[in-house]
Amino acid sequence: MLRFTHRFHSLTGQTTALLLCAVAVSMMISAGLGYWKLYEVTASNSSIRIDRAARAAANIMEASLPQDFSVKLAADGKPVALQLTARNEEAAMTYSPMYDALLKKIGAGNHGAANLFKFNTETSALDRFATTFRKPDGSMPPPMSIKSGHPAYANLEAGKPHTGEVPVMGRMRLAYLTPILSKSGKLAGALAVDVGWADDLIVARDELRMLIFGSAMAILFAVAAIGMIMMRKSLRPLNELASFANLVAAGNQTNTVPHTNRKDEVGALAHGMVRVVELQDKLTQAAYVDELTGIGNRAKSLLDLGKTLELQPGSKNMAALLYIDLDGFKQINDAYGQLVGDSILKVISQRLCKLNGKNVKIARIGADEFTLIRTDVTSQRYLRKLAEKIAEQVKIPIQLEKTALELTCSIGIAILGRDASTPDEALRNAAHAMNFAKYESRGGHKFFASEMADEAQNRLRIERMLKSAIQNDEIFLEFQPQINPADNTMTGIEALARWHHETDGLIPPDMFIKIAEESGQIVELGSYLLDLACKQAAAWEESGFEFQHVSVNVSPRQIWQPGFVGLVKDILTKNSVSANNICIEVTESVFVGRDEDKVTAVLHELRNLGVSLSLDDFGSGYSSLGYLNRLPFDQLKIDRSFVTNIDTDKTKQNVMSGIISLARGLQLNIVVEGVETLEEMLFVKSIGCNAIQGYYYAKPSDAGKIPAILEQLLEVGSSGKLMSA
Ligand code: C2E
Ligand code: CA
Ligand code: CA
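Position 279, counted from 1, in the sequence shown is what the numbering used here calls 1045; the numbers after and before it change by one each time, with no gaps.
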């Protein structure tokens, strides 16, 4: 049905219908006119014939039975009645074989039938008593009467003649009925004649009507069918162009525009379509291509994701989205300038394109964020390998004018269809996974898991809460002493950030510091913490408590922040703290993705202020001992992972001894972190380390409690109790 109405709405259908209507109307008019003429001729012929027949019949009656009937004529000579003149009217109106002969004579003249009727006073009907009709076997037909309701009855009853069609032997025939009147003027009977020839003319007319209209209809259908076929044929190129336009609109056209070689209107249309396709190509280029790298942009990635997701339900293989984010790219941009940043992005996009294949689509969707969609994935292992390959490509050093940069990237992987059903969801979830990869350790990859979305939400929540944490005085410091195991005296003390949230309670620094670093809030938070630490140092200085130095943790982002050295100086001055009472702890990550010279310069400036510098978490990550002699550090803090179970682990013992002798050679102080047990302490002490920070001596606690803790340590230290505890 739809197809049918569709046809009807088509140009072919409409034109054919219009043509059909025009042909139909003209044929109907000519057929109607022909039929009307025929009708007229038939009518006039019939009326002349029936008129003549009636006159002849009446005259034959009068001439054959002059003593019984006389004809009454109208002015134009038509018989209006037969007057009975018989002496015995009853006898004259009764059947006798003589009437058969008389009627036969009348019928022969007419080429039709003749009947005589007698008025029945009892039934008021006119009963036939003589007729020319016979059954096929020659016997008389059944009796017949003209009663009320018969077309001629009313005229006859009124004593008038009747002309018109009347039912005769089962069909309608044109007849003339002349009333027979008694001498008293009453209706006594009737003489009915019809004309076979005129009757046949009517039959012929009716047959012709059927023929005329039937053939008109047949011709009409034939014309319609031929018109439809021809129109369809001539409109086919238009339909093809229309289908092509649809493909163009859907962005699915692969072939060139058809019919461009034609010279007619279709050709002109095809040329117009060529221009539309060219324009669309340009628009697509502008809408879907990343100008910098020439690969797809975010819109293209979303488009590809949409198409891939659509095909996913029926597909044999998995499809996956890999969300690739360069680690520390912003810092590179800040350090080397945007031009260098741009050229790095181009190099990376070229390398990613090397992994390109028929089933891979690559796009840059943000500054340093790329997506890779792969549709022929067979297993998660395959994706893991792919992620590693990408990481390898990214890692290849990029040569700049002076140095070579080695980049890493974090990759989040979402399985399309399983982890996401819309393009937006796919990007979001793959980004969650990427953030997790980045959060855990840069340069890795992670598959999306539904908890990630919750955690990401949680992270956002913390980020929001952190905004007001400083104003609400929720952030404070705890302090953990560093102890010389030889005499339990304090060599320094580390300030550790704490956050007590109104509803969430204590939020560990491992959680909020990283979030603050990612969001950039660390800059404000860091200087707030430095200020708190200096205040405490000033208070202890004032009270005469000998703490040596307060170590303050400083995030890489703070060091990279322009004007950091000036800020430290201001805070020191503001709190009237001597610079040598403050130690700044940084981790090796301060150099990652940075110009080492620039970072080193900042460290030198800090040292020139008088503060000491400590390299934190040594051994936990990158740990290249090689550059230690080039850097202005005073102290090395050995990571807790080296210390745990050191009393039984020979390898750890060797490494630790090595580090300690190296540090001594470089004239670096050592602080060993995370010493929890007596055994660990004894071993660390045995290899000549003179500063330990760990739960074995003291957990981080309120500044106010520190002097008492130390006093106690000194007491038990001198008595030796703690050592044997
Ligand atoms: P970190 O700088 O390595 O700090 C030492 C961490 O080890 C502290 O955890 C401390 O409580 C813990 N620790 C000390 N001795 C032991 C021990 O014997 N056993 C165990 N299991 N742990 C021990 P905390 O306070 O949770 O801090 C975690 C990290 O948060 C710090 O590691 C540091 O990276 C960061 N952080 C803390 N405060 C600050 C701050 O003010 N600024 C910055 N930028 N980072 C901070
Ligand atoms: Ca530290
Ligand atoms: Ca540490």
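In this text, a Cβ means the ideal position worked out from N, Cα and C, and glycines have one as well.
Return helix, strand or coil for L1479, following the three-state DSSP convention. What you label residue 1479 is simply residue 713 of the sequence shown in a count that begins at 1. If DSSP states are grouped into helix, strand and coil, L1479 belongs with the helices.
8 angstroms Cβ cutoff met for G955 and F885: On the sequence shown, residue 955 is found 189 positions in, with the first residue counted as 1. On the sequence shown, residue 885 is found 119 positions in, with the first residue counted as 1. Yes, these two residues count as a Cβ contact at 8 angstroms.
When you compare the CB positions of Y1205 and I1241, do they come within less than 8 angstroms of one another, or not? Walking along the sequence shown from the start, residue 1205 turns up at place 439. Walking along the sequence shown from the start, residue 1241 turns up at place 475. Against a cut-off of 8 angstroms, the Cβ pair of I1241 and Y1205 comes out as no contact.
R1360: buried (16+ other C-beta within 10 angstroms of its C-beta) or exposed? By 1-based counting over the sequence shown, the position of residue 1360 is 594. R1360 should be labelled buried.
Residue from D1253, N1319, A819, D1030 whose Cα sits closest to the Cα of L1381: Locating residue 1381 in the sequence shown gives position 615, counting from the first residue. The option with the nearest alpha carbon to L1381 is N1319.
Relative to the C-alpha of R975, which candidate in T808, A1464, L1035 has its C-alpha closest? Locating residue 975 in the sequence shown gives position 209, counting from the first residue. Selected option, being the one with the closest Cα: T808.
G1385 - containing beta strand (DSSP E), residue span: Locating residue 1385 in the sequence shown gives position 619, where the first residue counts as 1. Run containing G1385: none; DSSP gives neither H nor E here.
Cβ neighbours of Y942 in the same chain (closer than 6 angstroms, five flanking residues each side left out): Here residue 942 refers to the residue found at position 176 of the sequence shown. These residues qualify, in order along the chain: I816, A820, T929, V959.
Going along the chain, which unbroken runs of the alpha helix (DSSP H) with 4 or more residues stay wholly within the stretch 845-898? 855-858, 863-876
First and last residue of the alpha helix (DSSP H) that includes G1033? On the sequence shown, residue 1033 is found 267 positions in, with the first residue counted as 1. Here the alpha helix (DSSP H) through G1033 covers 1031-1054.
Leaving aside the five residues before and after G1440 along the sequence, list all residues of the same chain whose C-beta is less than 7 angstroms from its C-beta, in chain order. Translated into the one-based positions of the sequence shown, residue 1440 becomes position 674. Closer than 7 angstroms at the Cβ level, and outside the excluded window around G1440, lie R1406, V1409, T1410, G1460.
Going by C-alpha to C-alpha distance, which of Y1148, C787, I1426, L850 sits closest to L1088? Here the question's residue 1088 lines up with position 322 in the sequence shown. It is Y1148.
Starting from G1271, trace the beta strand (DSSP E) both ways and give me its first and last residue. Here the question's residue 1271 lines up with position 505 in the sequence shown. Its beta strand (DSSP E) spans residues 1271-1273.
Take every Cβ of the stretch 1432-1446, pair it with every Cβ of the stretch 1471-1478, and state whether three or more of those distances are shorter than 8 angstroms. no
Assuming A896 and Y861 form a contact by the criterion Cβ under 8 angstroms, report the distance between their Cβ atoms to the nearest whole angstrom. Numbered from 1 along the sequence shown, position 130 holds the residue referred to as residue 896. Numbered from 1 along the sequence shown, position 95 holds the residue referred to as residue 861. Right, the Cβ-Cβ distance comes to about 5 angstroms (below 8 angstroms), so this counts as a contact.
If we ignore side chains and look at the alpha-carbon of each, how far apart do V1450 and K1465 end up? Residue numbering aside, residue 1450 sits at position 684 when the sequence shown is read from its first letter. Residue numbering aside, residue 1465 sits at position 699 when the sequence shown is read from its first letter. Taking the straight line from one Cα to the other gives about 18 angstroms.
If you follow the alpha helix (DSSP H) that K1155 is part of, which residue opens it and which one closes it? Counted from its first residue, the sequence shown places residue 1155 at position 389. K1155 -> alpha helix (DSSP H) spans 1146-1161.
Bounding residues of the beta strand (DSSP E) (the contiguous stretch that carries T717): The requested residue 717 is not part of the displayed model; the chain covers only 767 to 1491.
Could you check if E1260 belongs to the surroundings of ligand 2, using beta carbon to heavy atom distance under 7 angstroms? For this step, residue 1260 is matched to residue 494 along the sequence shown. Result yes, Cβ under 7 angstroms from ligand 2.
Under 5 angstroms from any heavy atom of ligand 2, by CB: list those residues in chain order, please. N1319, E1351, D1382
Identify the residues that DSSP records as bridge partners of I1453: which are they? Sequence index remark: in the sequence shown, residue 1453 carries index 687 (1-based). BP columns for I1453 are empty, so no partner.
Is it true that the stretch 1308-1318 meets the stretch 1256-1266, where meeting means three or more beta-carbon pairs spaced less than 8 angstroms apart? yes
I'd like the list of long-range same chain contacts for Y1054, defined as Cβ closer than 8 angstroms, with 5 residues on each side in sequence excluded. The residue given as residue 1054 occupies position 288 in the sequence shown. Cβ within range, chain order: G1062, N1063, A1065, K1066, L1069.
The beta strand (DSSP E) with Q1401 in it runs from where to where? Stepping through the sequence shown from its first residue, residue 1401 is reached at position 635. That run of the beta strand (DSSP E) goes 1401-1404.
Taking the straight line between their C-alpha atoms, what separation do you get for A984 and L786? Here residue 984 refers to the residue found at position 218 when the sequence shown is read from its first residue. Here residue 786 refers to the residue found at position 20 when the sequence shown is read from its first residue. Approximately 12 angstroms between the Cα atoms of the pair.
Got a sec: does ligand 3 put a non-hydrogen atom nearer than 7 angstroms to the Cβ of E1439? Walking along the sequence shown from the start, residue 1439 turns up at place 673. E1439: yes, Cβ under 7 angstroms from ligand 3.
Does DSSP put E1256 in a helix, a strand or coil? One-based indexing of the sequence shown puts residue 1256 at position 490. Note that residue 1256 is Met in the sequence shown here, rather than Glu. DSSP places M1256 in strand when its eight states are reduced to three.
Skipping 5 residues on each side, what residues in its chain have a beta carbon closer than 7 angstroms to that of L953? Within the sequence shown, residue 953 is the residue found at index 187, counting from 1. Closer than 7 angstroms at Cβ, skipping near neighbours: F885, L922, E923, G925, P945, L947.
Nearer than 7 angstroms: is that true of the beta carbon of D1405 relative to any heavy atom of ligand 3? By one-based count along the sequence shown, residue 1405 stands at place 639. Checking the Cβ of D1405 against ligand 3 gives yes.
Please check if any C-beta of chain C sits within less than 8 angstroms of the C-beta of A790. Looking at the structure shown, chain C is missing, and only one protein chain is on hand.
Please return the same chain residues whose Cβ sits closer than 6 angstroms to the Cβ of L1402, not counting the five positions on each side in sequence. Along the sequence shown, one-based indexing puts residue 1402 at 636. Same-chain partners within the cutoff: L1381, F1384, A1429, L1434, I1436.
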